[in-house]
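Before any comments, here is the structure.
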Amino acid sequence: NQKEFTEALSESDRRGSDRKKLIVDVHFSGGDATGIANTRDIGIGGLYMTILLHVEDIDKLGYLTFIAAISVARAVREISGLDAKVKWPNDVLVNGKKICGILTEIVSGGKNSILVGIGLNANQKKFPRSIGNKATSLTIQTNKNYDIKKLSKLIIKEFNNLYHYYDKRNYGKIMDVWKEYSHTLGK
64 NQKEFTEALS ESDRRGSDRK KLIVDVHFSG GDATGIANTR DIGIGGLYMT
114 ILLHVEDIDK LGYLTFIAAI SVARAVREIS GLDAKVKWPN DVLVNGKKIC
164 GILTEIVSGG KNSILVGIGL NANQKKFPRS IGNKATSLTI QTNKNYDIKK
214 LSKLIIKEFN NLYHYYDKRN YGKIMDVWKE YSHTLGK
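In my numbering, the protein residues as written are 64 to 250.
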């Protein structure tokens, strides 16, 4: 929950945690979701996660967004077989519709901390008309339900696999991998 995540951030700063260590907060909403009536239905069945990183070079923040997008695309492909593509710079699409959005932000404080937020439409069965022609979910695309915990673990695994390129400042390799998943290039 948010309180535990905030406490983990504070504790991480106090201890001077290794910048390579990931702290992840995962939230998913099931049938008992609460919230504002206009937005509640959109969130039911979604995967919402935040990855906290301590990094040295915040000038290259955008590459963490690319890593997150590639990680989601790979996880979606693995779990569903769908051809997930990355749309510049922070969306993941399936069949031309948005299935995931990513937001990367700097956390002010003593350390260079970055939050990478991921919102993935997993088990939603419908969307409001206003976004229905632009948004999709794994369930809509495959007519199956997905294990949110398994999906989050796949995303984290892929993020960890790609993060070493960022850590080693091999930004060219990140771009090469991003190009393999790009929906934008050549259009």
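Glycine included, every Cβ here is placed at the ideal spot set by N, Cα and C.
Legend entry - Beta-carbon contacts of K148 that lie in its chain and below 8 Å, excluding the five residues immediately before and after: A136, V155, L156, V157, Y244, S245 and H246
Inset, instruction - Pick helix, strand or coil for T97, following the three-state DSSP scheme. - result: Because T97 carries a pLDDT of 30, less than 50, the predicted location of this residue cannot be relied on, and no value is offered for it.
Inset, instruction - Take L248 and list the residues in its own chain whose beta-carbon comes closer than 7 Å to its own, dropping the five residues that flank it on each side. - result: K242
Inset, instruction - Kindly indicate the opening and closing residues of the alpha helix (DSSP H) around L214. - result: I211 to D230
Inset, instruction - Determine the extent of the beta strand (DSSP E) in which T199 is found, giving its start and end residues. - result: Premise fails: T199 is in no beta strand (DSSP E) and is neither H nor E.
Legend entry - Coarse secondary structure for E119, derived from DSSP in three states: coil
Inset, instruction - Grab the span of the beta strand (DSSP E) containing S176 for me, first residue to last. - result: S176 to L183
Legend entry - 8 Å contact criterion, which K123 and Y234 should meet: CB distance rounded: 6 Å
Legend entry - Under 9 Å between C-beta atoms of N186 and I162: no
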